[in-house]
Amino acid sequence: MQKGELPNYIAIEGPIGVGKTSLARKISYEFGHELCLEESDDNPFLKPFYGDKRNYAFASQLFFVMQRSHQLKMYFSDGLIQRKVVSDFMFEKENLFAELNLTKDEFNIFKEVKAKFYNTHPKPDLLIYLQATPERVLERVHKRGRSYENEMPLEYLESICEMYTEFFFNYSDSPLLVLNVDEVDFVGSDSDYEKVLSCLRREIKGKEFIDLSPSFFS
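Residue numbers for the sequence shown follow numbering that gives the first Met the number 0, beginning at 0 and rising by one.
This is how it looks when you write it as C-alpha cells:
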C-alpha cells in the first residue's frame, strides 16, 4: 500500500446509528472502493423486531445470513486481492447479534443453519470500530428519523455497546483501528472527516485506539 492509499478491504463496525454506512459511502466515493452495505431496510423482519424482539429475532437473523451469503458471492468470490471493497459490517456480527437476541436453543439452530450458507469469510485488511457512548448513539438514531427505531430503549443500545467492547477487547484477526467518535461529525463536518481520513491513512498494525474528540485530537 502506497502512502495516502487505503487498504483494499475495509470493514467498518460499531453500534446502530454510529455512522458506519455514512463513512463507508464517503470512502467509496473518494477512493473508488466498491460499496458493500448491510441493506438492513431490505430485511422484512427488522421493523417488527424492534417492536417484538421475542418473536422476530430468529427470522431477522436468518435473513441477514442469507444476505451475507449473497454478498460473499458478489464481492469476495474472486480476485479479492485485486479488488477494493468497503463494507459497513463485519461478517462476525451475525453471531454476535444472534447470541445477544436469541435463546440458547435458537442460537444453536442458528449456527447450524448459518453453516449451510457459509463457514468462512474474508478477513478485512483493516477493521474500523466506531466507538461512541450509548447516549450519543441514541441521539443519532433519533436524528436519522427511522420510525421503527424511535422506541428503541437505551438499555438495548447499552447491551450492543457492551457486546462490541467485549468482542474487540481480544480481537486479533485483522488490524483494528478503534475510533472514539463521540464528539465528531464526519458526515456534516469536512474537518472532522479529515481527522478520520488521517487515521485511516496510517499503517495500522495490531490494535490502535484514537480518541477524535477536540480535547485529544489536535
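Positions of the beta carbon are idealized from the N, C-alpha and C atoms, including for glycine. Fair warning: this is a prediction, and the values are worked out from it, not measured in the lab.
Can you give me the Cβ contacts of residue i inside the same chain, cut-off strictly under 6 Å, excluding the 5 residues immediately before and after it?
| i | result |
| --- | --- |
| Phe106 | Ala97 and Glu98 |
| Ala10 | Ser86, Met89, Pro123 and Leu126 |
| His120 | Phe90 |
| Val183 | Asp191 and Leu211 |
| Glu12 | Met89 and Tyr128 |
| Ser284 | Since the first residue of the chain shown is 0 and the last is 217, residue 284 is not available in this structure. |
| Leu22 | Ile11 |
| Tyr74 | Cys35 and Val84 |
Considering only C-alpha positions, which residue in the set the options is nearest to residue i?
| i | options | result |
| --- | --- | --- |
| His141 | Phe44, Leu156, Phe48 and Ile127 | Leu156 |
| Pro6 | Gly13, Gly31 and Gly18 | Gly31 |
| Tyr163 | Val84, Glu4 and Val17 | Val17 |
| Asn94 | Lys113, Ile26, Pro133 and Ser39 | Lys113 |
| Tyr55 | Pro133, Leu101 and Glu4 | Leu101 |
| Ser39 | Arg201, Lys103 and Gln66 | Gln66 |
| Lys92 | Arg200, Tyr8, Leu178 and Phe166 | Phe166 |
| Arg135 | Asn179, Ser146 and Glu150 | Asn179 |
| Lys46 | Arg139, Glu138, Arg201 and Asn149 | Asn149 |
| Phe168 | Arg145, Arg201, Asp181 and Gln130 | Gln130 |
| Lys83 | Arg201, Tyr147, Asp189 and Glu4 | Glu4 |
Should residue i be labelled buried (16 or more other beta-carbon atoms within 10 Å of its own) or exposed?
| i | result |
| --- | --- |
| Gly187 | exposed |
| Phe208 | exposed |
| Ser171 | exposed |
| Pro14 | buried |
| Lys2 | Note that Lys2 scores 49 on pLDDT, short of 50, meaning its location in the model is unreliable; the coordinates nonetheless yield the value given after this. Exposed: under 16 other Cβ atoms inside 10 Å. |
| Gly205 | exposed |
| Gln230 | There is no way to answer for residue 230, as the model of the chain reaches only from 0 to 217. |
| Tyr28 | exposed |
| Ser257 | Coverage of the chain is limited to positions 0 through 217, which leaves residue 257 absent and any answer about it impossible. |
| Tyr8 | buried |
Closer than 7 Å by C-beta to residue i: which residues in its own chain qualify, once you throw out the five before and the five after it? Chain order, please.
| i | result |
| --- | --- |
| Asn42 | Ser59, Phe62 and Phe63 |
| Arg24 | Leu34 |
| Pro133 | Leu153, Leu156, Glu157 and Cys160 |
| Glu37 | Asp87 and Phe88 |
| Tyr265 | Past the edges of the chain, shown from 0 to 217, lies residue 265, and the structure says nothing about it. |
| Met0 | Here Met0 scores only 48 on pLDDT, less than 50, and its place in the model should not be relied on; the value that follows carries that caveat. Closer than 7 Å at Cβ, skipping near neighbours: Pro6. |
| Met137 | The sequence as given places Leu at residue 137; Met does not occur at that position. Taken in chain order, the residues that qualify are Leu153 and Leu156. |
| Phe44 | Tyr55, Ala58, Ser59 and Phe62 |
| Met151 | Tyr49 and Val140 |
| Arg201 | none |
| Tyr147 | Lys46 and Tyr49 |
Counting only the same chain and skipping the five closest in sequence on each side, list residues whose C-beta sits under 8 Å from that of residue i.
| i | result |
| --- | --- |
| Arg143 | Gly16 |
| Ile203 | Leu125, Pro174, Leu175 and Leu176 |
| Asp185 | The question names Asp, yet the displayed sequence has Phe at residue 185. These residues qualify, in order along the chain: Gly18, Ser21, Leu22, Lys25, Asp191, Tyr192, Lys194 and Val195. |
>> Across the stretch 190-197 and the stretch 50-59, are there enough close Cβ pairs to call them in contact, namely three or more that are closer than 8 Å?
In response: no
> Which runs of the alpha helix (DSSP H) spanning at least 4 residues fall entirely within the stretch 100-141, listed in chain order?
Replying inline: 103-116
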